[in-house]
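**Student:** Chains A and B supply the protein sequences, listed in that same order. In terms of the numbering used here, the first sequence opens at residue 256 and continues consecutively. In terms of the numbering used here, the second sequence opens at residue 5 and continues consecutively. Yeah, the Cβ is synthetic: ideal placement off N, Cα and C, and Gly gets one too. Bear in mind that the values here come from a model prediction, so they are computed numbers and not experimental data.
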Amino acid sequence: MTTTSDKSRLIDDMKMQSGQDPAECYQCAKCSAACPVTAAMDLLPHQVIRYLQMGLEEDLLKSKTPWICASCFTCAARCPRDLDLARIMEGIRLSLLRRREGNKFGPADLTPEQLEKLPQQALVSGFRKYNK
Amino acid sequence: MSRTGVFICHCGTNIAGTVDIDKTIEASRGFPGVVHADEYRYLCSETGQDIIKQAIEEHDLDRVVVGTCSPRMHEATFRKAVAEAGLNPYLLEVANIREHCSWVHKNIEEATPKAIALLRAAAAKAALNEALEAPKLEVEKRALIIGGGIAGIQAALDIAEAGFEVDIVEREPSIGGRMAQLEKTFPTLDCSACILTPKMVEVAQHPNVHLLTYSEVEEVKGFVGQFDVKIKQKARYVDAVKCTGCGICWEKCPSKTPSEFEMGLTKRKSIYVPFPQAVPMVPVIDRNACLYFRKGRCQICAEECPPGAIDFEQQDEIIERRYGAIIVATGFDQMDPSIYGEYGYGQHPDILTGLEFERLFNASGPTGGKVVRLSDGKPPKKVVFIQCIGSRDKARGMNYCSKICCMYTAKQAILLKEKVPDAKSYVFYIDVRTAGKGYEEFQRRAAEEYDVAYLRGQVGKIFPEDDHLVVHGVDSLSGKIIDIKADMVVLAAASIARADAPEVGRLVGINSDSYHFFNEAHPKLKPVETHTAGIFIAGACQAPKDIPDTVAQAGSAAVKVVGLLSKDMLQGEACTAEVNQAECSGCLYCEAVCPYSAINPVEIEERYHDGVLKRTVAEVNPALCQGCGSCAVVCRSGTINLKGFSNEQILAEVDAICLQR
Numbered sequence: 256m257t258t259t260s261d262k263s264r265l266i267d268d269m270k271m272q273s274g275q276d277p278a279e280c281y282q283c284a285k286c287s288a289a290c291p292v293t294a295a296m297d298l299l300p301h302q303v304i305r306y307l308q309m310g311l312e313e314d315l316l317k318s319k320t321p322w323i324c325a326s327c328f329t330c331a332a333r334c335p336r337d338l339d340l341a342r343i344m345e346g347i348r349l350s351l352l353r354r355r356e357g358n359k360f361g362p363a364d365l366t367p368e369q370l371e372k373l374p375q376q377a378l379v380s381g382f383r384k385y386n387k
Numbered sequence: 005m006s007r008t009g010v011f012i013c014h015c016g017t018n019i020a021g022t023v024d025i026d027k028t029i030e031a032s033r034g035f036p037g038v039v040h041a042d043e044y045r046y047l048c049s050e051t052g053q054d055i056i057k058q059a060i061e062e063h064d065l066d067r068v069v070v071g072t073c074s075p076r077m078h079e080a081t082f083r084k085a086v087a088e089a090g091l092n093p094y095l096l097e098v099a100n101i102r103e104h105c106s107w108v109h110k111n112i113e114e115a116t117p118k119a120i121a122l123l124r125a126a127a128a129k130a131a132l133n134e135a136l137e138a139p140k141l142e143v144e145k146r147a148l149i150i151g152g153g154i155a156g157i158q159a160a161l162d163i164a165e166a167g168f169e170v171d172i173v174e175r176e177p178s179i180g181g182r183m184a185q186l187e188k189t190f191p192t193l194d195c196s197a198c199i200l201t202p203k204m205v206e207v208a209q210h211p212n213v214h215l216l217t218y219s220e221v222e223e224v225k226g227f228v229g230q231f232d233v234k235i236k237q238k239a240r241y242v243d244a245v246k247c248t249g250c251g252i253c254w255e256k257c258p259s260k261t262p263s264e265f266e267m268g269l270t271k272r273k274s275i276y277v278p279f280p281q282a283v284p285m286v287p288v289i290d291r292n293a294c295l296y297f298r299k300g301r302c303q304i305c306a307e308e309c310p311p312g313a314i315d316f317e318q319q320d321e322i323i324e325r326r327y328g329a330i331i332v333a334t335g336f337d338q339m340d341p342s343i344y345g346e347y348g349y350g351q352h353p354d355i356l357t358g359l360e361f362e363r364l365f366n367a368s369g370p371t372g373g374k375v376v377r378l379s380d381g382k383p384p385k386k387v388v389f390i391q392c393i394g395s396r397d398k399a400r401g402m403n404y405c406s407k408i409c410c411m412y413t414a415k416q417a418i419l420l421k422e423k424v425p426d427a428k429s430y431v432f433y434i435d436v437r438t439a440g441k442g443y444e445e446f447q448r449r450a451a452e453e454y455d456v457a458y459l460r461g462q463v464g465k466i467f468p469e470d471d472h473l474v475v476h477g478v479d480s481l482s483g484k485i486i487d488i489k490a491d492m493v494v495l496a497a498a499s500i501a502r503a504d505a506p507e508v509g510r511l512v513g514i515n516s517d518s519y520h521f522f523n524e525a526h527p528k529l530k531p532v533e534t535h536t537a538g539i540f541i542a543g544a545c546q547a548p549k550d551i552p553d554t555v556a557q558a559g560s561a562a563v564k565v566v567g568l569l570s571k572d573m574l575q576g577e578a579c580t581a582e583v584n585q586a587e588c589s590g591c592l593y594c595e596a597v598c599p600y601s602a603i604n605p606v607e608i609e610e611r612y613h614d615g616v617l618k619r620t621v622a623e624v625n626p627a628l629c630q631g632c633g634s635c636a637v638v639c640r641s642g643t644i645n646l647k648g649f650s651n652e653q654i655l656a657e658v659d660a661i662c663l664q665r
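Given below as structure tokens:
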């Protein structure tokens with residue numbers, strides 16, 4: 256059985272990161288209807304917000320959805336509550352990453368060829384995603 | 005020196021919770037001119053009023069200050085109480101220590117000194133208060149209703165039945181409004197025309213009702229009891245007396261233009277009545293479409309008209325009339341959903357709004373009552389209804405719920421099943437809201453007996469594929485993404501204020517909310533009154549509303565009007581402007597800004613050395629003045645005073661607040 260929790264560090268972090276408040280969502284699910292990558296998601300976008308509203312932090316930690324999100328912003332463009340779900344997803348990703356221990360890899364792990372060929376933006380984003 | 009009594013109300017804990025009453029009383033005793041101070045838990049109660057009355061007698065008070073709620077609330081109550089004790093009611097002064105003090109402060113340390121300051125100011129002003137008399141005003145026993153929809157019709161009938169004359173001004177060629185466009189009405193499914201047309205006929209034939217169709221209000225001047233209104237009756241180019249409504253003119257007319265009544269789904273002639281049950285059954289010529297007016301050729305209607313009623317020379321007419329009261333009942337519009345690109349409205353003939361779909365059921369509608377796709381004329385087998393298009397949408401639409409869509413969607417789904425028995429309906433909804441007598445039962449019937457699939461979720465996009473429309477949405481309850489190959493899509497577009505509502509509001513002098521719906525004077529206790537005396541509102545111009553609510557509100561507004569018109573005299577405004585003509589320079593700026601035409605130039609004679617000097621100065625007509633104070637503000641020589649709010653009194657208040665700091 257799932258119980259809801261009143262306090263959640265993930266949710267507080269996410270609110271701070273994204274500047275969005277999941278309480279504003281009334282669950283019309285238009286985000287899920289608009290999202291082009293729902294086929295690969297285990298939780299639909301509106302369910303992610305519902306989990307945030309209910310404080311289901313542990314379940315969210317296990318979900319693949321925040322990592323599937325392509326940040327196309329269609330959800331944000333369609334949302335009748337003016338919530339930016341793409342920012343929320345990014346907020347969740349950042350909050351999760353900051354809680355992980357240690358770095359997965361650093362610049363020293365990359366070969367000179369890789370460093371030369373990879374675009375800088377991909378490197379920065381890779382470090383952000385996979386490092387503490 | 006005046007003998008002022010100060011009375012402080014606890015208002016339960018509303019005031020006493022944040023204001024230290026004892027300290028306030030103590031401080032009040034020290035104000036100049038105050039000879040008595042007292043308190044009571046509820047000063048507005050009869051006991052509370054008696055305390056004031058007794059104190060006036062015992063302490064020989066000649067001024068009264070009450071520290072209570074806003075004067076909007078209870079000034080009248082306390083004025084009456086002091087009048088009963090023999091004081092002129094205008095010698096009372098209200099210090100608003102609730103809305104302006106206890107409600108906006110949290111702690112007693114801040115609120116108490118502020119309450120004392122407000123009371124000190126009120127006592128200083130009260131010392132300068134003078135006894136005033138309110139003039140008596142006559143009431144013109146005739147009402148004006150702007151808008152001839154069901155709200156206007158109902159209000160007109162109720163006022164007329166009470167024995168008063170009433171005029172309906174309707175912009176369109178016929179009365180009937182939005183209700184005339186509907187096929188059936190929820191939750192009983194009675195035919196809209198069958199219940200509306202008898203009322204339209206009744207109102208047209210009632211001896212006390214006068215219809216001014218194809219007319220618009222141009223100007224409203226004056227005030228409660230005496231509104232002077234200019235109405236433009238647009239030229240119909242048809243003599244209403246000669247016309248028999250035979251219909252030969254619009255049969256023969258060769259030019260066509262999109263029909264407003266049919267939401268542009270079909271065309272009408274250039275000479276037309278908007279719908280077959282129109283009242284009056286007198287056509288109008290649309291100047292912008294008529295071949296004669298556009299190109300100077302074709303007078304077929306005039307040639308064919310048996311009684312010779314066509315008159316191309318007719319001119320717009322201005323009617324000037326005086327009314328005692330006005331009801332604004334101008335109705336609503338439907339939002340254009342084409343701003344939502346994902347729904348493709350306007351890009352495909354089978355994507356309709358709720359009101360457009362409604363017309364397909366009507367026997368005189370664009371399809372002659374056959375529910376078919378406008379693209380290929382085939383009956384639709386799968387219809388998707390989408391709720392909350394532009395409603396409950398703070399990003400791109402309106403923040404409010406449009407109230408009627410849940411019910412009319414259930415109605416249309418039921419009607420569809422009856423017309424096309426093998427049709428299947430799907431309704432994408434966020435919440436189903438069916439508060440109302442018989443409403444919930446009706447919506448459940450749609451879901452249970454008419455096989456309407458309710459899907460809790462929204463639609464992300466609609467796109468054409470082969471000969472159908474793919475509706476890509478989600479059912480949030482099952483968490484499933486859903487694609488429906490639909491034949492038709494109906495969008496429940498938001499009900500919004502009329503595009504020209506702000507203009508109408510300015511014209512009659514009433515205010516509106518941020519959505520341009522007209523504001524009632526109090527959301528609970530004055531639902532049909534406005535902040536302008538003598539002007540009332542009814543129907544969907546106030547907020548989205550269904551027919552039962554509209555009719556109830558129209559009846560309510562009518563009662564208020566009847567109550568007003570039943571009086572022979574109204575109490576006018578006592579706090580009117582006053583010109584000190586000796587100081588007046590005669591610039592007459594005041595005359596220009598007065599919204600009530602209450603200021604006129606007069607010539608006075610003054611002794612000047614040995615001779616007599618004639619000069620022009622301003623004079624206020626106290627019967628017309630409403631005490632708005634605009635003249636006092638623009639007066640260059642500062643010589644106009646508003647009685648009860650004189651410059652001296654206001655400055656005394658300011659001094660009383662500042663000097664004690």
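Could you give the distance in angstroms between the alpha-carbon of B/Glu-43 and the alpha-carbon of B/Ala-59?
**Tutor:** Taking the straight line joining both Cα atoms gives about 12 angstroms.
**Student:** Measuring alpha carbon to alpha carbon, tell me which residue in B/Gly-442, B/Gly-509, B/Pro-36 is nearest B/Ala-552.
**Tutor:** It is Pro, not Ala, that sits at residue 552 of chain B in the sequence shown. That would be B/Gly-442, whose Cα lies nearest to the Cα of B/Pro-552.
**Student:** For B/Glu-255, report the span of its alpha helix (DSSP H) as first-last.
**Tutor:** Here the alpha helix (DSSP H) through B/Glu-255 covers 252-256.
**Student:** Could you please tell me which residues of the stretch 390-410 of chain B, in chain order, have their CB closer than 8 angstroms to any CB of chain A?
**Tutor:** Flagged, chain order: Cys-392, Arg-396, Asp-397, Lys-398, Ala-399, Arg-400, Gly-401.
**Student:** Residues of chain A with CB closer than 7 angstroms to the CB of B/Gly-483, please, in chain order.
**Tutor:** The contacting residues are Leu-299, Gln-302.
**Student:** Between the Cα of B/Asp-572 and those of B/Arg-146, B/Leu-65, B/Arg-396, B/Ser-32, spot the shortest distance and give me the residue it belongs to.
**Tutor:** For the residues B/Arg-146, B/Leu-65, B/Arg-396, B/Ser-32, the minimum Cα distance to B/Asp-572 belongs to B/Arg-146.
**Student:** Can you confirm whether A/Ser-287, when its beta carbon is compared against all beta carbons of chain B, has any partner nearer than 9 angstroms?
**Tutor:** A/Ser-287 counts as touching chain B.
**Student:** Just to confirm, are B/Glu-308 and B/Cys-253 a CB contact at a threshold of 9 angstroms?
**Tutor:** Cβ distance < 9 angstroms, so B/Glu-308 and B/Cys-253 count as in contact.
**Student:** Counting along the chain, where does the alpha helix (DSSP H) carrying B/Phe-82 start and finish?
**Tutor:** Here the alpha helix (DSSP H) through B/Phe-82 covers 75-88.
**Student:** How about B/Ala-164 and B/Val-221: are their beta carbons less than 9 angstroms apart?
**Tutor:** Contact flag unset, no.
**Student:** If you compare alpha carbons, which of B/Ser-32, B/Lys-246, B/Gly-513, B/Leu-420 is closest to B/Ile-314?
**Tutor:** Of B/Ser-32, B/Lys-246, B/Gly-513, B/Leu-420, the residue nearest in Cα terms is B/Lys-246.
**Student:** Would you mind telling me which residues of chain A sit closer than 8 angstroms to B/Lys-465, beta carbon to beta carbon, in chain order?
**Tutor:** Ordered by position in chain A, the residues that pass the 8 angstroms Cβ test against B/Lys-465 are Ala-288, Ala-289.
**Student:** Does any residue of chain B have a CB that is nearer than 9 angstroms to the CB of A/Tyr-306?
**Tutor:** So no, A/Tyr-306 is outside the interface.
**Student:** Using a threshold of 9 angstroms, state whether the C-beta atoms of A/Ser-287 and A/Pro-277 are closer than that.
**Tutor:** Contact: no.
**Student:** Assuming B/Arg-67 contacts B/Arg-124 (C-beta within less than 8 angstroms), just tell me the rounded distance between them.
**Tutor:** That belief does not hold up - the Cβ atoms of B/Arg-67 and B/Arg-124 are roughly 14 angstroms apart, past 8 angstroms.
**Student:** Which residue's Cα is closest to the Cα of B/Asp-550: B/Ile-408, B/Asn-515, B/Met-339?
**Tutor:** The shortest C-alpha separation from B/Asp-550 is found at B/Ile-408.
**Student:** Apart from the five residues on each side of it in sequence, which residues of its chain come closer than 7 angstroms, Cβ to Cβ, to B/Asn-515?
**Tutor:** Same-chain partners within the cutoff: Gly-509, Asn-523, His-535.
**Student:** Under 7 angstroms Cβ-Cβ, which residues of chain A neighbour B/Ile-477?
**Tutor:** The identity of residue 477 of chain B in the sequence shown is Gly, whereas the question assumes Ile. The contacting residues are Ala-288.
**Student:** Quick test of the definition: if touching needs 3 or more C-beta pairs under 8 angstroms, does the stretch 249-268 of chain B touch the stretch 230-239 of chain B?
**Tutor:** Result no; under three Cβ-Cβ pairs closer than 8 angstroms.
**Student:** Using only CA atoms, which one of B/Tyr-276, B/Met-267, B/Gly-249, B/Ala-306 lies nearest to B/Lys-260?
**Tutor:** The shortest Cα separation from B/Lys-260 among B/Tyr-276, B/Met-267, B/Gly-249, B/Ala-306 belongs to B/Tyr-276.
**Student:** Which chain B residues sit within Cβ distance under 7 angstroms of A/Arg-333?
**Tutor:** The contacting residues are Glu-346, Gly-464.
**Student:** Of the choices B/Ala-131, B/Phe-168, B/Ala-128, B/Ile-154, whose alpha-carbon is the least far from that of B/Glu-144?
**Tutor:** Here the closest residue by C-alpha is B/Phe-168.
**Student:** How about B/Met-492 and B/Ile-355: do their beta carbons lie closer than 9 angstroms?
**Tutor:** Against a cut-off of 9 angstroms, the Cβ pair of B/Ile-355 and B/Met-492 comes out as a contact.
**Student:** Counting Cβ pairs closer than 8 angstroms, one from the stretch 566-586 of chain B and one from the stretch 203-211 of chain B, do we hit at least three?
**Tutor:** Contact between the stretch 566-586 of chain B and the stretch 203-211 of chain B is absent, because fewer than three Cβ pairs lie under 8 angstroms.
**Student:** Assign A/Ala-325 to one of two classes, buried (16 or more other C-beta atoms within 10 Å of its C-beta) or exposed (fewer than that).
**Tutor:** When all chains shown are included, A/Ala-325 counts as exposed.
**Student:** Whether or not the stretch 373-383 of chain A and the stretch 111-130 of chain B are in contact is what I'm after, with contact meaning three or more pairs of Cβ atoms, one per stretch, closer than 8 angstroms; do they touch?
**Tutor:** The answer is no - the stretch 373-383 of chain A does not touch the stretch 111-130 of chain B, with fewer than three Cβ pairs under 8 angstroms.
**Student:** Name, please, each residue of chain B whose Cβ falls closer than 9 angstroms to the Cβ of A/Arg-336.
**Tutor:** By Cβ distance, chain B contributes Arg-396, Asp-397, Lys-398, Ala-399.
**Student:** For A/Ala-295 and chain B, any beta-carbon pair shorter than 9 angstroms?
**Tutor:** With 9 angstroms as the cut-off, A/Ala-295 does not count as an interface residue toward chain B.
**Student:** Per DSSP, what kind of secondary structure is B/Thr-261 in: helix, strand or coil?
**Tutor:** Three-state DSSP puts B/Thr-261 in a strand.
**Student:** For the stretch 448-464 of chain B, list every residue whose C-beta sits within 9 angstroms of some C-beta in chain A, in sequence order.
**Tutor:** Result list: Arg-460, Gly-461, Gln-462, Val-463, Gly-464.
**Student:** Compute the Euclidean distance between the alpha carbons of B/Val-38 and B/Ala-127, then round it to the nearest angstrom.
**Tutor:** So the alpha carbons of these two residues sit roughly 8 angstroms apart.
**Student:** Quick check: B/Glu-587 and B/Pro-605, are their CB atoms within less than 9 angstroms of each other?
**Tutor:** No, they are not a contact pair.
**Student:** Please determine, among B/Asp-171, B/His-472, B/Gly-440, B/Ala-542, the residue with the shortest C-alpha to C-alpha distance to B/Val-563.
**Tutor:** It is B/Ala-542 whose Cα lies nearest to the Cα of B/Val-563.
**Student:** Which of the residues in the stretch 329-343 of chain B, read from start to end, lie with their CB under 7 angstroms from any CB of chain A?
**Tutor:** Against chain A - using a Cβ distance shorter than 7 angstroms - the stretch 329-343 of chain B contributes no residues.
**Student:** Going by the CB atoms, is the gap between B/Asp-479 and B/Leu-495 shorter than 9 angstroms?
**Tutor:** Against a cut-off of 9 angstroms, the Cβ pair of B/Asp-479 and B/Leu-495 comes out as no contact.
**Student:** To the nearest angstrom, report how far apart B/Arg-301 and B/Leu-295 are at their CA atoms.
**Tutor:** Roughly 6 angstroms separates the two Cα atoms.
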